[in-house]
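Q: One structure, as structure tokens, below. Some questions next.
Residue numbers (the working numbering): 439 to 615.
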């Protein structure tokens with residue numbers, strides 16, 4: 439296989455991993471909101487959301503995470519000089535943060551299975567946006583391959599994050615009315 443084959447596989451599994459990272463917190467929101475239903479509805483919804491969360495974690499997120507790391511590592515093995523570049527070091531720092539986010543998502547998943555609801559649906563909606571911030575950061579770093587240009591991207595990212603949080607709050611107020 440050539441470098442481009444590994445790059446294509448890396449991108450495919452990054453997309454799959456992020457699909458799970460975006461969808462899982464959304465399931466957490468619905469799982470949390472199901473507490474407000476009648477007992478009969480709640481039992482059915484909890485069982486369904488638990489099943490969906492387990493399948494998403496085991497069949498999509500975890501395999502995609504590991505395959506992303508494997509193919510990314512192979513690319514670094516093929517091109518070790520990238521490890522000396524600032525943009526790659528920063529990207530790897532964001533990947534480490536993304537892994538922390540991934541495993542924190544697992545922690546929330548296990549708590550919900552045990553009936554522990556530490557976060558409101560609003561807080562989980564905000565938590566859901568963290569993956570978006572990682573995605574923007576990593577993609578801009580990889581495409582621009584420049585940490586100076588990336589600083590402008592961070593400014594845009596901060597503005598984007600503020601707009602996203604504002605939008606979530608507006609939607610929350612509309613739902614409450």
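Glycine included, every Cβ here is placed at the ideal spot set by N, Cα and C. A quick note: this is a predicted structure, and the numbers were derived from the prediction, not measured.
(1) Rounded to whole angstroms, what is the Cα-Cα separation between residue 492 and residue 462?
(2) Measuring alpha carbon to alpha carbon, tell me which of 458, 440, 443, 514 ends up nearest residue 544.
(3) At what residues does the alpha helix (DSSP H) containing residue 455 begin and finish?
(4) Would you mind working out which of 601, 498, 575 sits nearest residue 526, comparing C-alpha positions?
(5) Rounding to the nearest angstrom, what Cα-Cα distance links residue 603 and residue 564 in this structure?
(6) Is it a yes or a no for the stretch 459-479 touching the stretch 551-567, going by three-plus beta-carbon pairs under 8 Å?
(7) Note the first and the last residue of the continuous alpha helix (DSSP H) segment covering residue 535.
(8) Kindly indicate which residue of 447, 550, 531 has the alpha-carbon position closest to the one of residue 473.
(9) Leaving out the 5 sequence neighbours to the left and right, which residues in its chain are closer than 7 Å to residue 490 when beta-carbon positions are compared?
(10) Residue 572 and residue 536: beta carbons closer than 8 Å?
(11) Drop a sphere of 10 angstroms on the beta-carbon of residue 590, count the other beta-carbons inside from all chains shown, and report buried for 16 or more, exposed for fewer.
(12) Would you tell me roughly how many angstroms separate the C-alpha atoms of residue 442 and residue 579, rounded to the nearest one?
A: Looking at the coordinates:
(1) 10 Å
(2) With distances taken between CA atoms, residue 544 lies nearest to 458 out of 458, 440, 443, 514.
(3) 441-471
(4) 575
(5) 7 Å
(6) yes
(7) 524-551
(8) The shortest C-alpha separation from residue 473 is found at 550.
(9) The answer, listed in chain order, is 465.
(10) yes
(11) Exposed, because fewer than 16 other Cβ atoms sit within 10 Å of the Cβ of residue 590.
(12) 19 Å
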